[in-house]
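S.K.: Shown below is the structure under consideration.
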Amino acid sequence: MERVPTPHPPSPTPQTRLSLQNLSRRFGASAAVDDLTLEIASGELLALIGASGSGKTTTLRMVAGYEAPDAGAVLLDGKNITSLPPARRDFGMVFQHYALFPHMSVGENVAFGLQARGVNRTDRVARAAQALNNVGLGGAAGRPVQSLSGGEQQRVALARALVIEPKVLLLDEPLSNLDPTLRRATREELRATLQRLGVTALFVTHDQDDAFAVADRVALIQRGRLLQVGTPEELHDRPASRAVAEFIGHSTLVKARLDNSDGREARGDRVTITIADREREYAASAPGYTRSPDVFAVLRPEGLALAAPDAASAWPGVVTGRRFAAGLVVYHVRLSDAVEVQLYSTDRGVAEGERVGVSVTREPVAVVDV
Amino acid sequence: MRTRPLRPTPHSVTGFPSTVPEPQRPPRRAFGTWLLAAPVLALLIWTVVYPNVAVIIGSFDNGLENWRAFAVSPADREALITTLVISVGSVIAATAIGIPLAFLLSRFEFRGRRILSAIATLPAALPPLVGVVAFLFLYGESGVVTRTVQEVLGLEQAPWSLTGAWAIIFVHAYTMYVFVFLFVSAGLERFDTTLDEAASGLGATRGTRLWRITLPLLTPSIAGAMLLVFMNSLGSFSAPFIFGGGLRVLSTQIVASKTSGAMGMAYVETTVLAVSAVLALALFRWFETRRTYAMSGKGRATRVVVRSRIARYLSFPLALLFVAVLILPHAMVILISFARDGTWTTQILPPAYTLDNFRRLATESQLWTPIRNSVSMAMLSTLANVIICFVAAYLIVLRRFRGRRLLEILVALPWAIPATAIAIGLASTFTVNDPLTARVLLVGTFWILPLAYFIRGIPLVVTATEGSLKQMDPSLEDAARGLGASWWLTMWRVILPAARPGLVAGAMLAAVTAVGEFVASVVLYTHANRPISIEILAQLRDLAFGAAAGYSVLLILLTLGITLAARWGESRLIANG
Chain C
300 MERVPTPHPP SPTPQTRLSL QNLSRRFGAS AAVDDLTLEI ASGELLALIG ASGSGKTTTL
360 RMVAGYEAPD AGAVLLDGKN ITSLPPARRD FGMVFQHYAL FPHMSVGENV AFGLQARGVN
420 RTDRVARAAQ ALNNVGLGGA AGRPVQSLSG GEQQRVALAR ALVIEPKVLL LDEPLSNLDP
480 TLRRATREEL RATLQRLGVT ALFVTHDQDD AFAVADRVAL IQRGRLLQVG TPEELHDRPA
540 SRAVAEFIGH STLVKARLDN SDGREARGDR VTITIADRER EYAASAPGYT RSPDVFAVLR
600 PEGLALAAPD AASAWPGVVT GRRFAAGLVV YHVRLSDAVE VQLYSTDRGV AEGERVGVSV
660 TREPVAVVDV
Chain L
9 MRTRPLRPTP HSVTGFPSTV PEPQRPPRRA FGTWLLAAPV LALLIWTVVY PNVAVIIGSF
69 DNGLENWRAF AVSPADREAL ITTLVISVGS VIAATAIGIP LAFLLSRFEF RGRRILSAIA
129 TLPAALPPLV GVVAFLFLYG ESGVVTRTVQ EVLGLEQAPW SLTGAWAIIF VHAYTMYVFV
189 FLFVSAGLER FDTTLDEAAS GLGATRGTRL WRITLPLLTP SIAGAMLLVF MNSLGSFSAP
249 FIFGGGLRVL STQIVASKTS GAMGMAYVET TVLAVSAVLA LALFRWFETR RTYAMSGKGR
309 ATRVVVRSRI ARYLSFPLAL LFVAVLILPH AMVILISFAR DGTWTTQILP PAYTLDNFRR
369 LATESQLWTP IRNSVSMAML STLANVIICF VAAYLIVLRR FRGRRLLEIL VALPWAIPAT
429 AIAIGLASTF TVNDPLTARV LLVGTFWILP LAYFIRGIPL VVTATEGSLK QMDPSLEDAA
489 RGLGASWWLT MWRVILPAAR PGLVAGAMLA AVTAVGEFVA SVVLYTHANR PISIEILAQL
549 RDLAFGAAAG YSVLLILLTL GITLAARWGE SRLIANG
């Protein structure tokens with residue numbers, strides 16, 4: 300795979316809190332993390348997403364100090380902390396399985412980091428109580444951790460990490476052990492809490508919904524390499540590469556041609572999509588560099604709509620599948636032997652096998668290199 | 009010496025049922041269950057409870073006279089105190105070796121680690137009396153190590169004498185640190201390493217983490233192992249018997265009282281010993297219920313590579329030295345078994361070697377008898393264990409009936425009561441044929457020893473079998489019955505295969521224990537059914553060290569043979585589906 304230059308080059312600013320510079324870590328022959336560079340601003344919530352095995356947890360462990368990088372550096376407020384042991388980094392970490400100490404009460408768990416810092420007993424108890432209040436668990440200090448539900452355990456883990464006023468909060472899949480309903484509620488709550496306290500956080504997840512709900516910016520990594528970093532909208536609407544387009548949201552990639560492309564200023568250019576010999580031209584959004592006029596257009600369900608089979612601007616197709624999903628119907632429509640798209644519609648009356656038209660309703664259409 | 013199983017039971021180290029919730033058992037056909045449970049309960053009450061109750065009642069034969077005599081006897085007070093001191097000392101010594109060794113081997117990577125790991129549990133493979141004999145050859149007044157030190161330092165006299173409490177604690181430390189090592193290693197293996205990482209991320213130093221996180225979480229393992237060492241030391245007989253010198257401990261006092269015909273006193277001493285053991289167990293149980301944590305999460309245990317230069321250079325020779333200390337007793341027994349009896353006097357090593365010791369074992373029927381006895385008695389007791397304990401484990405795990413709790417306690421009882429006490433109970437109960445009091449004459453016959461071995465094997469086989477049965481989905485039995493299988497077919501094709509791994513492992517442990525049994529044997533044997541351990545003792549008394557060592561080697565080989573046979577049998581069964 301050819302190296303794609305980072306679309307948004309990191310520009311160290313005065314507020315840069317944490318900076319990962321060319322981090323690499325190999326396990327045997329395979330690279331878990333490969334030359335990863337990333338900046339996190341003070342007070343920013345950055346999510347690191349990727350499929351399992353993409354190197355995101357290894358990255359987090361290197362930042363926390365549990366894993367030593369083979370190359371590269373971790374900088375905190377401009378100071379190199381790569382070889383500093385975890386105990387001296389002043390980071391808070393929320394583990395995937397929470398790692399609550401089973402032999403301590405909720406309060407003792409939360410106060411542990413304060414005790415390690417030599418805070419006296421009275422202050423410890425007061426600050427632990429305050430931290431538990433912050434996560435909505437005031438009054439739970441005396442309970443044994445075993446008596447907590449999964450969601451409560453997650454909040455205790457968060458309180459324990461926050462009470463030491465960490466310079467950076469690290470979260471390793473903190474929502475993955477919660478059931479779907481609780482998970483949706485918890486991610487809103489997590490974002491609200493972190494924003495209210497102005498915490499700088501690095502958040503690892505494999506779930507893009509979690510990442511989009513919690514984070515200010517999202518960094519997508521694959522096979523240890525950074526593919527793109529940006530706001531959720533940027534990743535969704537202007538994917539920097541085919542891999543990003545395929546990972547984020549649902550997409551169908553269709554061969555297309557970028558017209559009038561000089562390679563750099565692609566925004567505002569036109570893209571011509573040909574399906575079953577019918578050409579349609581749209582405004583194109585092609586961030587970054589495109590090497591050749593032959594590209595993939597990214598067709599997303601939100602940007603498509605059902606139309607009459609013979610509508611001028613539409614492609615004719617056949618409905619191959621339909622599924623009801625929370626008020627909408629998801630239709631699968633085959634436009635040609637090679638192209639099948641998905642789209643959402645409030646129209647529930649279209650049956651499988653029916654002939655329909657599909658039109659593009661949202662422009663510009665994102666394009667990526669082949 | 010080793011008188012108890014070294015294996016933690018699956019659900020609780022005490023062998024008593026733990027408070028961990030068990031899967032729901034469906035209520036079942038009560039009558040059929042009782043048909044099965046009643047004979048098992050009756051047998052256990054008759055052989056396990058009845059003799060011990062008889063001992064307690066016997067201690068009141070002359071009203072309180074025996075107890076008064078015990079209370080004022082300086083010898084008995086000394087024995088009680090010495091027993092407790094030795095037990096506590098053994099716990100401290102075994103813990104001091106076992107815990108650091110477990111940490112070293114599971115947390116660090118260094119040259120020599122593999123060989124040390126492979127050899128670390130070796131002392132547990134030494135039959136009880138054999139270990140003591142080996143220590144005598146090594147560290148006794150004329151032992152190899154003792155004489156070497158004496159020679160090197162040019163001393164007039166032996167630098168130490170292997171007698172008294174220190175000697176006993178020394179032997180206990182060697183044989184019993186294995187319990188601590190195994191329990192703590194298992195605890196470390198289950199240990200959720202993210203807890204340690206979490207603590208370090210919160211700013212805790214290495215020492216704080218060890219003290220506040222690791223050790224508290226290992227407390228159940230450590231306490232379980234300490235209990236095991238304590239109980240073993242409490243009932244220990246071989247070491248005090250051989251090296252006690254003038255030292256009195258309860259177990260040797262009991263045998264001495266019995267030998268001198270003071271049965272009333274023997275009963276009091278036995279009661280005191282048994283009650284101490286049960287109290288220790290109860291205390292531990294109380295402690296255990298107060299702190300049990302379910303460790304969840306996947307431990308990603310990685311060994312830290314030792315990087316310090318000095319440690320790297322020293323680790324290998326130190327590991328080898330430790331390995332040598334561990335192997336020495338085995339090696340010594342093998343060496344002495346080739347020594348020509350009567351030639352080894354003041355030399356460091358025996359001067360003359362011969363195959364005679366083994367040749368005589370093979371040719372003189374008189375010498376062969378103990379081996380035949382031990383093997384046949386162990387086979388009998390193990391066979392009985394397999395049948396009775398399988399039924400007991402089945403009832404405990406898969407049936408729900410009034411009396412299940414009683415059954416659980418009955419099968420754990422022989423674990424709690426020291427072997428000497430069990431033997432005294434049998435010796436005082438099965439002395440006459442009297443149907444009215446449910447007594448039969450077994451003492452003085454061949455059958456008394458297999459019975460004693462059977463009783464000692466019960467907890468081993470039941471707990472191991474329970475472990476296997478608990479992994480079985482309880483609905484399998486219903487499924488088989490629902491498909492029309494008879495009770496017998498269900499037992500044979502569903503329950504027995506599920507129980508088999510534990511049953512085989514338990515039977516192996518029971519057979520190994522029985523074939524080398526000494527403590528109960530010394531109270532109950534007759535000349536005709538004397539087992540190997542008693543013959544070793546007799547040869548030692550005749551100063552026939554070569555012959556004693558020859559028997560010891562044979563015993564080690566028998567132990568090894570049983571272990572290998574059990575593994576081979578299990579793998580063949582698996583291979584045949």
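Top to bottom, those sequences are chains C and L.
Each residue of the first sequence is one higher than the last, beginning at 300 in our numbering.
Each residue of the second sequence is one higher than the last, beginning at 9 in our numbering.
Even for Gly, the Cβ is constructed at its ideal location relative to N, Cα and C.
These numbers come from a predicted model, not from an experiment.
Among the residues of its own chain, which have a CB less than 8 Å from the CB of C:L493, if the five just before and after it don't count?
M.R.: In the first sequence, counting from the first residue as 1, residue 493 of chain C sits at position 194. Counting only Cβ-Cβ distances below 8 Å, and skipping sequence neighbours, we find L344, L468, A500, V513.
S.K.: What number of angstroms, rounded off, separates the C-alpha of L:I425 from the C-alpha of C:A458?
M.R.: Here residue 425 of chain L is taken as the residue at index 417 of the second sequence, counted from 1. Here residue 458 of chain C is taken as the residue at index 159 of the first sequence, counted from 1. Taking the straight line joining both Cα atoms gives about 50 Å.
S.K.: Below 8 Å on the Cβ atoms is my contact criterion, and I expect C:V597 with C:P538 to pass it. Report the Cβ-Cβ distance as a whole number of Å.
M.R.: As a position in the first sequence, residue 597 of chain C is number 298, starting the count at 1. As a position in the first sequence, residue 538 of chain C is number 239, starting the count at 1. Confirmed, about 6 Å.
S.K.: Mind checking the region 592–609 of chain C against chain L and listing, in chain order, the residues whose C-beta falls within less than 8 Å of any C-beta there?
M.R.: Within the region 592–609 of chain C, no residue qualifies.
S.K.: Who does C:R615 pair with in a DSSP beta bridge?
M.R.: Position 316 of the first sequence holds residue 615 of chain C. Arg is not the amino acid found at residue 615 of chain C; the sequence shown has Pro there. Paired residue(s): C:G656.
S.K.: Rounded to whole angstroms, what's the CA-CA distance from C:V667 to C:R577? Just pull it up for me.
M.R.: Taking the first sequence and counting its residues from 1, one reaches residue 667 of chain C at position 368. Taking the first sequence and counting its residues from 1, one reaches residue 577 of chain C at position 278. So the alpha carbons of these two residues sit roughly 21 Å apart.
S.K.: Does the Cβ-Cβ distance between C:V669 and C:V632 come in under 8 Å?
M.R.: Along the first sequence, read from residue 1 onward, the residue named residue 669 of chain C stands at position 370. Along the first sequence, read from residue 1 onward, the residue named residue 632 of chain C stands at position 333. No; because the gap between Cβ atoms is not below 8 Å, this pair is not in contact.
S.K.: Quick one, are the C-beta atoms of C:R324 and C:P368 less than 8 Å apart?
M.R.: Along the first sequence, read from residue 1 onward, the residue named residue 324 of chain C stands at position 25. Along the first sequence, read from residue 1 onward, the residue named residue 368 of chain C stands at position 69. In this structure, C:P368 lies closer than 8 Å to C:R324 by Cβ.
S.K.: With three or more beta-carbon pairs closer than 8 Å as the criterion, would you say the region 480–498 of chain C touches the region 524–541 of chain C?
M.R.: The region 480–498 of chain C vs the region 524–541 of chain C: no contact.
S.K.: Roughly how many whole angstroms lie between the Cα atoms of L:L369 and L:A79?
M.R.: The residue given as residue 369 of chain L occupies position 361 in the second sequence. The residue given as residue 79 of chain L occupies position 71 in the second sequence. Taking the straight line joining both Cα atoms gives about 47 Å.
S.K.: To which residues of the same chain is L:S669 closer than 6 Å at the C-beta, ignoring the five residues directly before and after it?
M.R.: Look at the range of chain L in this structure, 9 to 585, and you will see that residue 669 of chain L is not part of it.
S.K.: Quick check on DSSP: helix, strand or coil for L:G40?
M.R.: In the second sequence, residue 40 of chain L corresponds to position 32, counting from 1. In this structure, L:G40 counts as helix in the three-state DSSP scheme.
S.K.: Just how far apart, CA to CA, sit L:A347 and L:A431?
M.R.: Position 339 of the second sequence, counted from the first residue, corresponds to residue 347 of chain L. Position 423 of the second sequence, counted from the first residue, corresponds to residue 431 of chain L. Between L:A347 and L:A431, the C-alpha separation is close to 35 Å.
S.K.: C:P443 bridges to which residues according to DSSP?
M.R.: The count along the first sequence starts at 1 and reaches residue 443 of chain C at position 144. Answer is C:S404, bridged to C:P443.
S.K.: To the nearest angstrom, how far is it from the Cα of L:V312 to the Cα of L:E117?
M.R.: As a position in the second sequence, residue 312 of chain L is number 304, starting the count at 1. As a position in the second sequence, residue 117 of chain L is number 109, starting the count at 1. If you take the alpha carbons of L:V312 and L:E117, they lie about 6 Å apart.
S.K.: Can you tell me whether C:Q521 is helix, strand or coil according to DSSP?
M.R.: By 1-based counting over the first sequence, the position of residue 521 of chain C is 222. Strand, per DSSP.
S.K.: Are the C-beta atoms of C:Y581 and some chain L residue less than 8 Å apart?
M.R.: As a first step, residue 581 of chain C must be located in the first sequence, where it is residue number 282. Chain L contact via Cβ: absent.
S.K.: Count the CB pairs spanning the region 207–218 of chain L and the region 237–244 of chain L that are closer than 8 Å, and state whether there are at least three.
M.R.: Counting Cβ pairs under 8 Å, fewer than three are found: no touch.
S.K.: Going by the DSSP bridge assignment, what does C:A606 pair with across the sheet?
M.R.: Taking the first residue of the first sequence as 1, we reach residue 606 of chain C at position 307. Note: C:A606 sits in a beta bridge opposite C:G656.
S.K.: Using the C-alpha atoms, what's the distance from C:T381 back to C:L374?
M.R.: If you number the first sequence from 1, residue 374 of chain C lands on position 75. If you number the first sequence from 1, residue 381 of chain C lands on position 82. One C-alpha to the other measures close to 7 Å.
S.K.: Quick one: grab the DSSP three-state call for L:Y147.
M.R.: Residue mapping note: residue 147 of chain L aligns to position 139 of the second sequence, counting from 1. Three-state result, L:Y147: helix.
S.K.: So with CB distances below 8 Å, who are the chain C contacts of L:I221?
M.R.: Within the second sequence, the letter at position 213 stands for residue 221 of chain L. F400, listed in chain order.
S.K.: L:V399 and L:V48 look like a contact to me (Cβ under 8 Å); what is the Cβ gap, rounded to whole Å?
M.R.: Start at 1 with the first residue of the second sequence, and residue 399 of chain L comes out as number 391. Start at 1 with the first residue of the second sequence, and residue 48 of chain L comes out as number 40. Right, their Cβ atoms sit about 6 Å apart.
S.K.: What does C:L552 pair with, by DSSP beta-bridge criteria?
M.R.: Residue mapping note: residue 552 of chain C aligns to position 253 of the first sequence, counting from 1. In DSSP, C:L552 forms a bridge with C:V597.
S.K.: Hey, would you say C:R486 sits closer than 8 Å to C:S353, going by beta carbons?
M.R.: Walking along the first sequence from the start, residue 486 of chain C turns up at place 187. Walking along the first sequence from the start, residue 353 of chain C turns up at place 54. Contact flag unset, no.
S.K.: Going straight from the alpha carbon of C:L627 to that of C:H396, what length do you get?
M.R.: As a working note, residue 627 of chain C is residue 328 in the first sequence. As a working note, residue 396 of chain C is residue 97 in the first sequence. Roughly 35 Å between the two C-alpha positions.
S.K.: Please classify L:W381: is it buried, with 16 or more other beta-carbons within 10 angstroms of its beta-carbon, or exposed?
M.R.: For the purposes of this step, residue 381 of chain L is taken as the residue at position 373 of the second sequence. The amino acid occupying residue 381 of chain L in the given sequence is Asn; Trp does not appear at that position. Classification for L:N381: buried.
S.K.: Just to make sure I have the definition right: I need the residues of chain L whose C-beta is within less than 7 Å of the C-beta of C:R416. Which are they?
M.R.: Counted from its first residue, the first sequence places residue 416 of chain C at position 117. Here the neighbours are G211.
S.K.: Quick check on the burial criterion: 16 or more other C-beta atoms within 10 angstroms. Buried or exposed for C:D558?
M.R.: Counting from one through the first sequence, the residue named residue 558 of chain C turns up at place 259. Answer is exposed; the Cβ neighbour count stays below 16.
S.K.: Mapping the DSSP letters down to three states, classify C:V628 as helix, strand or coil.
M.R.: The count along the first sequence starts at 1 and reaches residue 628 of chain C at position 329. C:V628 falls in the strand class under three-state DSSP.
S.K.: In this structure, what does DSSP give as the bridge partners for C:T504?
M.R.: For this step, residue 504 of chain C is matched to residue 205 along the first sequence. Paired residue(s): C:I348.
S.K.: Could you pull the start and end residues of the beta strand (DSSP E) that L:Y533 belongs to?
M.R.: Taking the second sequence and counting its residues from 1, the one referred to as residue 533 of chain L is at position 525. It is not in any beta strand (DSSP E) - L:Y533 carries neither H nor E in the DSSP assignment.
S.K.: Report yes if the CB atom of C:L317 is closer than 8 Å to the CB atom of C:I339, and no otherwise.
M.R.: Along the first sequence, one-based indexing puts residue 317 of chain C at 18. Along the first sequence, one-based indexing puts residue 339 of chain C at 40. Cβ atoms of C:L317 and C:I339: closer than 8 Å.
S.K.: L:A207 touches chain C at which residues, Cβ-Cβ below 9 Å?
M.R.: Position 199 of the second sequence holds residue 207 of chain L. Under the 9 Å cutoff, chain C gives A386, A398, F400, F411, G412, A415.
S.K.: Going by CA-CA distance only, name the one from L:W352, L:W500, L:H180, L:I396 that's closest to L:E485.
M.R.: Residue 485 of chain L sits at position 477 when you count from the first residue of the second sequence. Comparing Cα-Cα distances from L:E485 to each of L:W352, L:W500, L:H180, L:I396, the minimum goes to L:W500.
S.K.: Please determine, among L:H180, L:I318, L:S259, L:A319, the residue with the shortest C-alpha to C-alpha distance to L:V527.
M.R.: Mapped onto the second sequence, residue 527 of chain L falls at position 519. Out of L:H180, L:I318, L:S259, L:A319, L:S259 has the C-alpha closest to the C-alpha of L:V527.
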